[in-house]
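**Student:** Below: one structure in structure tokens.
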Amino acid sequence: HRDVAITFTLLSAALALLPPPVAPSPHPLDVHRRKWDILRITLETTVFSSTPDIADLSQSLREFLLLSPQSFISTLHARLFTPSSLYRKPSSTFFPHQVLVTLVASSIKIDHPSVGREITEDWLSKRGQYDFVPSTGEPYHKVL
């Protein structure tokens, strides 16, 4: 049995403690951001793709249920961590490949793989823009 309300509350509290990175460079909290992003995407996709009891959900989770599948994935994408010093909307340039794969899996789970393909193409096109973001190697091959 899942307790979505408690899980969402704990997840929100954890994410509030993890501010976005200041600069586009490796950071000691990157591993934690990645894990919490994956948990958030997984939880919200599970709620979105199932038929939960609306009364048990928080207001923000209920709002997700009103979105179209494309808007839902776009919202997940927009909330992911991007360095705050860049003064622009979230960019897939900084997403770890594990987060990208989770987003793509979410788009498949809600029967809109085209949205996942667009995010993947964006991520692949931005490889190599920063020295610390690998443009080849295992992450690149896992996404392909």
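Just so we're aligned, residue 271 is where the sequence shown starts under the working numbering, counting upward by one. Positions of the beta carbon are idealized from the N, C-alpha and C atoms, including for glycine.
Specify, as a first and last residue, the run of the alpha helix (DSSP H) that residue 382 falls within.
**Tutor:** Neither: residue 382 is in no alpha helix (DSSP H) and is coded neither H nor E.
**Student:** Whether or not the region 294 to 308 and the region 271 to 279 are in contact is what I'm after, with contact meaning three or more pairs of Cβ atoms, one per stretch, closer than 8 Å; do they touch?
**Tutor:** No, they do not touch.
**Student:** Just to confirm before moving on: does the CB-CB distance between residue 376 and residue 315 stay below 7 Å?
**Tutor:** Contact: yes.
**Student:** Is the Cβ-Cβ distance between residue 311 and residue 346 less than 7 Å?
**Tutor:** For residue 311 and residue 346, yes; Cβs fall inside 7 Å.
**Student:** What number of angstroms, rounded off, separates the C-alpha of residue 256 from the C-alpha of residue 367?
**Tutor:** Here the chain comprises residues numbered 271 to 414, so residue 256 is not present and cannot be evaluated.
**Student:** With a CB to CB cut of under 8 Å and the five nearest residues on each side skipped, what residues in its chain are close to residue 334?
**Tutor:** Closer than 8 Å at the Cβ level, and outside the excluded window around residue 334, lie 314, 317, 318, 342 and 345.
**Student:** Residue 339 by DSSP, collapsed to three states: which one?
**Tutor:** Looking at residue 339 - three-state DSSP - the assignment turns out to be helix.
**Student:** Start and end of the alpha helix (DSSP H) containing residue 282?
**Tutor:** Taken as a continuous stretch (DSSP letters only), the alpha helix (DSSP H) holding residue 282 covers 274 to 286.
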